[in-house]
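The block underneath contains the structure these notes are about, expressed in C-alpha cells.
4 protein chains.
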Amino acid sequence: MRLDGRYRLVAGAFSRNFEKSQEMASELGVERVYRDYTEMARAEAERDDGIEAVSIVTPHDSHHPISCAFLEKGVHVVCDKPLTVDLDQAVDLERRVHESGLVFGLTHNYSGYPMVRQAAELVRGGEIGEVRILQGEFALGRGAIQLGEEWWRGDPDIATEASVVYDLGTHTHHLLRFVTGLEITELSAEMTTHVPGRRISDNSYATVRWSNGATGTIWSSVVAAGNEHGLSFRIYGETGSVEWRHEDANHLIHRRFGDASRTHYPAMRQSYPEGFSGAFGAVYRDVADAIQAHRRGEDWSGLGLPGASDGVAGVRFVDAVIRSAKSGGAWVRPQ
Amino acid sequence: MRLDGRYRLVAGAFSRNFEKSQEMASELGVERVYRDYTEMARAEAERDDGIEAVSIVTPHDSHHPISCAFLEKGVHVVCDKPLTVDLDQAVDLERRVHESGLVFGLTHNYSGYPMVRQAAELVRGGEIGEVRILQGEFALGRGAIQLGEEWWRGDPDIATEASVVYDLGTHTHHLLRFVTGLEITELSAEMTTHVPGRRISDNSYATVRWSNGATGTIWSSVVAAGNEHGLSFRIYGETGSVEWRHEDANHLIHRRFGDASRTHYPAMRQSYPEGFSGAFGAVYRDVADAIQAHRRGEDWSGLGLPGASDGVAGVRFVDAVIRSAKSGGAWVRPQ
Amino acid sequence: MRLDGRYRLVAGAFSRNFEKSQEMASELGVERVYRDYTEMARAEAERDDGIEAVSIVTPHDSHHPISCAFLEKGVHVVCDKPLTVDLDQAVDLERRVHESGLVFGLTHNYSGYPMVRQAAELVRGGEIGEVRILQGEFALGRGAIQLGEEWWRGDPDIATEASVVYDLGTHTHHLLRFVTGLEITELSAEMTTHVPGRRISDNSYATVRWSNGATGTIWSSVVAAGNEHGLSFRIYGETGSVEWRHEDANHLIHRRFGDASRTHYPAMRQSYPEGFSGAFGAVYRDVADAIQAHRRGEDWSGLGLPGASDGVAGVRFVDAVIRSAKSGGAWVRPQ
Amino acid sequence: MRLDGRYRLVAGAFSRNFEKSQEMASELGVERVYRDYTEMARAEAERDDGIEAVSIVTPHDSHHPISCAFLEKGVHVVCDKPLTVDLDQAVDLERRVHESGLVFGLTHNYSGYPMVRQAAELVRGGEIGEVRILQGEFALGRGAIQLGEEWWRGDPDIATEASVVYDLGTHTHHLLRFVTGLEITELSAEMTTHVPGRRISDNSYATVRWSNGATGTIWSSVVAAGNEHGLSFRIYGETGSVEWRHEDANHLIHRRFGDASRTHYPAMRQSYPEGFSGAFGAVYRDVADAIQAHRRGEDWSGLGLPGASDGVAGVRFVDAVIRSAKSGGAWVRPQ
C-alpha cells in the first residue's frame with residue numbers, strides 16, 4: 460500500500476490479542492488501535508478524519524462479516540481473496556457492494572504484474588486468435604511435509620477440506636479469466652491427499668470447459684515438493700500462445716505458429732521489473748485510482764479492478780470443484 | 460542406426476511404390492530392395508548373409524503383421540511405437556516375441572536422452588522419496604491448422620479417432636513409467652477437437668491414478684499452437700522433484716524441498732549434449748547390445764530396453780483413454 | 460524509501476524550477492518546499508522537527524556540494540552513485556563524512572537484491588574457494604540510437620567523456636567488490652564510440668587485475684542494442700562459480716566443478732522475489748538501520764552499507780579507466 | 460562422419476602403437492590398417508579403390524605434415540582445428556591446398572549447429588544493422604584443477620604456452636567471423652595462469668578491433684570452474700543483437716531495440732534439435748557436398764566450408780594474442 464505513497468495507515472485492529480495489536484501498531488507508526496473490527500468500523504465512522512478505506516487481511520471465513528461492517532459505514536474495502544468460503548455469503552456480499560456503490564477491491568495480486576497485464580492485452584487484442592486451450596496451475600511445495608496441527612494456512616478449524624483450491628486455485632482461476640475474459644461452463648474435478656495422516660485435501664485436478672468452447676486443466680497443490688512458487692499459465696489460441704510463470708515473472712513468452720517466439724519484458728511498457736510486493740502495490744494503486752474516481756463522482760468500473768463479482772466467480776469455481784470431486788469426477792456447472 | 464557404426468543397412472522395402480523404393484535404396488547405398496515386407500522376410504531368411512535385424516518405420520496399423528513376418532523368420536525386430544493400434548494385436552505380438560526368444564525393441568526414442576536416464580536413476584534411486592505426483596505432457600502445435608485431407612499423420616484412413624494419444628500420449632506414458640517404474644491403475648479422460656471441420660480428436664486430457672497411490676495428469680495435443688516440441692514431465696516425491704523438457708533436453712532439474720535446486724547435464728555422465736538423432740541412436744545402440752548378448756546366449760532382459768510388454772502397456776493406456784472419454788470421463792482401468 | 464514505512468518525506472527541493480518543484484511536492488504530499496539545497500539545508504537545520512536524513516538524487520557533479528551542505532548541518536545523507544565525477548572531490552567528501560560521524564549511504568541499489576547478498580555470503584564464505592576470475596558487465600541498449608542533444612543522462616554539459624563508466628561501470632565494480640571483498644590493483648582499458656556523431660564514449664572494456672591475483676574484465680556499454688537491462692556478474696573460484704544476471708534477479712546459479720549446478724532463490728532466505736524498487740528499498744532499509752544505531756550511539760560500521768569509501772573506490776576505478784584508455788591501454792593503478 | 464551415410468571408413472592409422480591401432484580398426488570394422496600416415500598415404504594412393512578423403516584428428520603440430528602427405532597424393536582432407544601451431548606452416552599449407560585444387564575442410568564443428576547458421580543468415584542479412592560489438596568466449600572448467608603431468612590436451616611437450624587460445628580461442632574467433640564476415644584488424648591481449656604450479660597459460664583475454672570499426676573481446680579459459688561447456692557469442696548491431704550459447708545450442712536469441720526479443724529454434728528450419736555429434740555431422744556433410752561437386756568438376760567455393768584460409772586466420776589470431784601478451788598488452792595486428 461505504501462509503495463506509491465497513495466495511502467496513509469492511520470488506524471487498525473492487528474490481532475485478536477489487543478496487546479499484540481498495540482505492539483504492531485507501534486511498529487507500524489499507527490495511532491488508532493482497536494480491539495476488533497466492529498469497534499473500529501463504528502469509531503472510525505464517527506470521526507471527521509475517519510478512514511476512507513480498509514484493508515482486510517484476515518482468515519477467509521471472516522471476510523464477509525468484516526466487509527459488511529465497513530461497507531455499512533461507507534468505507535471502501537480492499538479484501539484478500541478468496542472473497543468468502545461460502546457461496547451464499549459471497550453472493551450476499553456482492554449484492555451489498557453493488558448497493559453501496561463503494562469501491563471493493565479483491566487483492567488478486569498476481570494480476571498486478573506488468574507481464575500478466577501484457578498477456579491480457581495480447582490475448583484480448585486477438586494476438587493468438589480465438590482461445591482454445593487454457594492450462595493453469597498453482598502448485599507449491601510447502602505442504603509436502605505434515606506440519607502437525609499447524610496446517611499451511613494456520614488453524615485446522617479454519618482450513619476447510621478444499622483449502623488448497625480456495626488458497627491457490629482461485630488465483631489460477633482469476634488469472635485465466637483476467638487474461639482471456641472467458642468463464643468456466645463445466646468442470647470435472649478430483650481432490651486427493653498425499654501426505655499420510657492429513658485430514659484435508661492437499662492437491663486437486665480439474666478438467667475444464669470454457670464459455671467459448673475452449674478446454675483446459677487447473678492444477679492446485681501444496682505437495683509439489685521443491686517447487687519455488689509454482690504459479691503459471693499457458694494459453695493457446697488458433698495462431699499462437701502466451702506463457703507466464705511466477706518464477707520468471709518479468710518475462711512473457713508469446714509463441715507463434717511457425718515463427719520465432721517473442722519474449723516481452725517490462726521495459727517495453729516503460730516499467731521496471733517487479734517483485735512480489737510491487738505486484739501487490741499495482742493492485743493497491745488501481746484501488747486508489749478507483750477511490751479517487753469515486754470521490755470525483757466518476758465511473759470507475761472500467762478500470763479492470765478485481766472486485767466482488769470476480770470473488771463470486773472464484774467461490775463458484777471452488778464450489779464446483781468440491782461437488783464434482785465428491786461425485787467421482789462428474790461434470791458439473793459452477794452456479 | 461548408423462551413428463555408432465553398430466549396424467549396416469543392406470536390404471529394405473522403402474515404399475509401396477517399387478520405383479520410389481529403388482530410388483531411396485540407391486540414395487541410401489542399399490543393394491537388396493524388395494517389393495514388400497513379405498517378399499523381404501522370405502528372401503532374406505533364405506540367404507546365408509540375410510539380415511539379422513529389421514527396423515519397422517511404417518504406419519501404426521502395419522506394425523503387427525510386419526513384426527510377425529520377420530519374427531517367424533528368426534529376425535530381431537526394432538519397431539516404431541505405438542506397438543499396434545489394437546489391444547488384441549498388441550497382446551498377440553507380445554506373446555509371439557516372448558515365444559520367439561528374439562530381441563524386440565520399441566523405439567521410445569526419448570528414453571535415449573542422457574538426462575531422461577539420469578532422471579530414472581535419481582527417482583528409482585530414491586532421491587525424491589516415494590513418488591506422489593506425475594505430470595506429463597506432449598503438446599505440439601503442428602495440427603493447429605486444418606491441413607485439408609492431409610492429416611498430421613498422413614492418410615485419414617490410417618489416423619484413428621485417438622491418433623493424438625497413440626502418437627503422443629504413448630511417449631509421455633512410457634517416459635513416466637520409465638522414470639518411476641510405476642503403472643497406471645485407473646484414469647478419467649476427456650478427448651476434444653478444437654479445429655473446426657476436423658473429424659478426429661486433436662487434444663486429450665487424462666487424470667491418472669498410479670500403482671503406488673500417486674496421481675497426476677497426461678495431456679496430449681496437436682493444437683498447442685506455437686509450442687516447439689512440447690514433450691515434458693515433472694515428477695514429485697516426498698522430498699523433491701525432477702523436471703525434464705525436450706526443449707532443454709540436455710538439462711535435468713532436480714528440486715529439493717527447502718534447498719537450492721540442482722541442474723544435471725551430460726558432462727556429469729561423461730557424455731556430450733545429444734540432439735534428436737542422438738537419442739534415437741542411444742536406443743538403437745541398446746538394441747545392438749541386446750542382439751550381441753543374444754548371440755552369445757546371454758540374458759539381455761536386464762538392459763532396460765523398451766520392448767513388447769512396454770508396447771502393450773502403451774496400447775492399454777490408449778484403450779483406457781478412449782473408453783473413459785466415451786463414457787463422459789468415468790474412471791476406468793487399463794486392462 | 461517508503462516501501463517499509465521507515466521514512467516520511469517531509470521536505471524537499473525537487474527542481475531548479477521552483478514552480479515545478481512545488482507541483483512535485485504537492486503530488487508527493489510534501490509540505491516544505493525549497494528553492495535550492497542551500498536554503499533547504501539551512502532552514503531544516505533551524506527547525507526542531509527538521510529532517511534527519513536527506514536523499515540526493517541529482518546530477519553527478521552536484522553530489523559533492525549538496526552532500527557537504529547537509530553534512531555540515533548534521534543531516535545524514537543517502538546519495539546516488541557515483542559519489543562524484545572528480546577524484547579530489549570524492550576523497551574530500553570521504554574525509555568530511557568520516558569527520559562528521561554521520562551516516563552516509565551510497566545507493567548501490569543492486570546490492571540490495573537478495574540473490575546478490577546470497578552470492579556475497581557464498582563467495583566470502585569460501586563456497587567457491589579462492590577467487591580467480593571476475594567477469595562483470597553492465598551493457599544496455601538505450602544509447603544505441605543518437606538522441607540528438609539529449610544524451611542518455613540528460614544534458615551534454617553534464618555528461619562527461621566517461622559517463623558510460625561513471626553510470627554503469629561503477630555499479631559493476633561495486634558488485635564485484637561487494638561479492639568478493641577484493642580490490643582492483645591494475646587495469647588496462649579501452650573506451651570506444653560506436654554511434655556516428657556522438658561526442659563522448661558509449662562503450663568501454665577494461666581488463667583487470669585484482670588484489671589476490673585474480674583477473675577479469677569489466678564491460679560497460681550503452682550501445683548493446685536489444686539488451687534488456689544488461690547487468691551481470693560471473694565469479695569463478697578454485698572449485699566453482701556464481702552467476703547473477705539482473706534479467707533473472709531472483710535466481711543465483713552456483714556451479715560446482717564436476718557436480719550438478721545449484722540454483723538459489725529468495726524463498727531459501729525467507730524472502731519473496733524482489734523487483735527493482737524492492738532492491739532499492741533494501742538499501743534504504745539498511746540506511747534506516749544505520750541511522751537508528753547512530754541514534755542509540757551504537758557502532759553501525761559493520762552493517763555493510765555502501766558508503767563514502769566505496770564511492771571513492773568507484774571514482775578511482777573510473778579515473779584509472781580514463782587514464783589507461785588515454786594512453787593506449789597501458790596498465791595503470793587506481794590511486 | 461557416419462551420421463548421414465555419406466562416408467565409409469575403410470582405412471586408417473589409429474595410434475602410434477600399431478597393436479592399439481589394429482584393435483581400434485577391428486572395433487570400427489576397418490580393414491586396412493597402417494603403421495603411420497606416410498605408409499597410409501602411399502599405399503592408399505596405389506590402390507584403385509584407395510581412399511578419396513582422409514580425416515586428420517591428431518595433435519595440433521602434426522596437422523601440417525599429415526595434410527601435406529595426403530594432398531600430395533590427391534586425397535581430399537578433413538582436418539581438426541587449429542590448422543597448425545605455427546604461422547609459417549599454416550601459410551604454407553594454405554598455398555598447397557590452393558595449388559592442389561583439392562577439398563580441404565577444417566572441422567570448426569560449432570558452425571554446424573543450425574542456430575549458428577541461423578545467426579549468420581540474420582547478421583549477414585542485415586537483421587541487426589551494421590555490427591558494432593562482438594563478444595565471444597570459450598571458457599570451460601576442466602583445467603581448474605592441476606592434473607599433474609597430464610595436461611588437458613595430453614602431453615606437456617605437445618601443449619604450447621598458448622594452448623588455451625589454440626584449443627578454444629580459435630573456435631570463438633571462427634564463430635565470430637562465420638556469423639559476421641568481419642576480420643580482426645588489431646588486438647590487445649593478456650595471458651594469465653591461475654592454477655599454482657602450472658607452466659603454461661590457462662586463461663586469456665583479448666580486446667579486439669574489427670575490420671568495420673566494431674570492437675569486442677574474446678575470452679578463452681580452462682579455469683572457469685563449474686562451466687558446462689562455456690562457448691558463446693553475442694553480437695550487437697545498430698538495431699539489435701544475436702546471442703547463442705552452446706548450453707542451449709538449439710535456440711538463438713535475436714533481440715531488437717525497443718521490441719520483444721525473438722527466439723529461433725530448429726523447427727523453423729525444418730530441422731530437429733542437434734547435439735554435439737550432429738553439429739560435427741553437418742560439417743562432414745558439407746565436406747561431402749564439396750567433394751561431390753569437385754568430382755563433377757563444379758565450383759564448390761561458395762558452399763561456405765571452413766577451409767585452409769580460415770585456418771590461417773585462426774593461427775594469425777593466436778599469433779597476435781601471443782605477441783600482444785608478451786609486450787604487456789600492446790595493440791598488434793594479426794599478420
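Protein chains in written order, with our numbering: chain A, 460 to 794; chain B, 460 to 794; chain C, 460 to 794; chain D, 460 to 794. Even for Gly, the Cβ is constructed at its ideal location relative to N, Cα and C. None of these values were measured; they are calculated from a predicted model.
Apart from the 5 residues on each side of it in sequence, D:A512 sits with its Cβ closer than 8 Å to the Cβ of Y466, V534, H535, V536, V537, V562, V746 and I750 in its chain, given in chain order. Excluding five sequence positions before and after B:G595, the CB atoms of its chain that fall closer than 6 Å to its own CB belong to T631, L635, I677 and F692, given in chain order.
Residues of chain B with a Cβ closer than 7 Å to the Cβ of A:I643 do not exist, since the nearest Cβ in that chain sits about 14 Å away.
The residues Y466 and Y743, in chain order, have a CB closer than 6 Å to that of A:M460 in the same chain once the five nearest residues on each side in sequence are set aside. If you ignore the 5 residues before and after B:G509, its C-beta comes within less than 6 Å of the C-beta of E503, all in its own chain and listed in chain order. In the same chain as B:Y724, and ignoring 5 residues on each side of it, the C-beta atoms closer than 7 Å to its own belong to N709 and H710, in chain order.
Assignment of A:R506 by DSSP, reduced to helix, strand and coil, places it in the coil class. Put simply, the backbone Cα of B:L627 is about 25 Å away from that of B:R554.
A straight-line Cα-Cα distance of about 23 Å links D:R583 and D:D748.
Separation of C:F776 and C:P541 (C-alpha to C-alpha, rounded to the nearest whole angstrom) is 11 Å. Following the DSSP letters along the chain, one finds C:A752 inside the alpha helix (DSSP H) bounded by residues F735 to R754. Of all residues in the region 728-746 of chain B, those with a C-beta nearer than 7 Å to a C-beta of chain D are Y731, P732, E733, G734, F735, S736 and G737, reading in chain order. Under the Cβ distance rule, C:G571 does not count among the residues neighbouring chain A, no pair being separated by less than 9 Å.
C:W790 places its beta carbon 9 Å or farther from that of C:L641. Under DSSP, A:L690 takes part in a beta bridge, and its partners are A:F597. Sequence-ordered contacts of the region 675-691 of chain C with chain D read G675, T676, W678, S680, V682, A683, A684, G685, N686 and E687 [C-beta pairs closer than 9 Å]. In terms of Cβ geometry, D:D661 and D:T674 do not form a close pair [threshold 9 Å]. Our two residues, A:E498 and A:E558, have alpha carbons roughly 23 Å apart in a direct line. What B:S700 touches in chain A, judged by beta-carbon distance under 9 Å, is G600, A683, A684, G685 and N686, going in chain order. Taking all protein chains in view, the Cβ of C:Q577 is crowded by 16 or more other Cβ atoms within 10 Å, so the residue is classified as buried.
Selection D:L581, D:V771, D:A621 and D:E733 evaluated against A:A719 yields D:L581 as nearest (Cα-Cα).
Taking a 10 Å sphere around the C-beta of A:P655, we find fewer than 16 other C-beta atoms and assign the residue as exposed. B:A752 and A:F716 do not touch by the CB rule: their CB atoms are close to 46 Å apart, not below 8 Å. Ranked by Cα distance from C:I515, the first of C:F473, C:R501 and C:E486 is C:F473. A:N568 sits buried, since 16 or more C-beta atoms from the chains shown fall within 10 Å of its C-beta.
Straight through space, the alpha carbons of A:G600 and C:R728 are spaced by roughly 16 Å.
Cα atoms of A:T639 and B:W703: separation of roughly 29 Å, rounded to the nearest angstrom. Under the three-state reduction of DSSP output, B:G464 falls in the coil class, being neither helix nor strand.
Here the C-alpha atom of C:A684 lies approximately 15 Å from the C-alpha atom of C:V623. Between C:R657 and C:Q605, the CB-CB gap stays under 9 Å. Within chain C, no C-beta atom comes less than 9 Å from the C-beta of D:G628; the nearest is roughly 15 Å away. Taking a beta-carbon distance threshold of 9 Å, A:D707 counts as an interface residue toward chain C. For B:Y724, the neighbours in chain D by C-beta distance under 9 Å run, in chain order, E687, H688 and E706. Separation of the CB atoms of D:V575 and D:A767 is rounded to 21 Å, and the pair is thereby denied contact status at 8 Å. In the DSSP assignment, C:A665 falls within the beta strand (DSSP E) that extends over N662 to W669. Minimum Cα-Cα distance from D:E531 among the listed residues D:D547, D:A500, D:G773 and D:D520 corresponds to D:A500.
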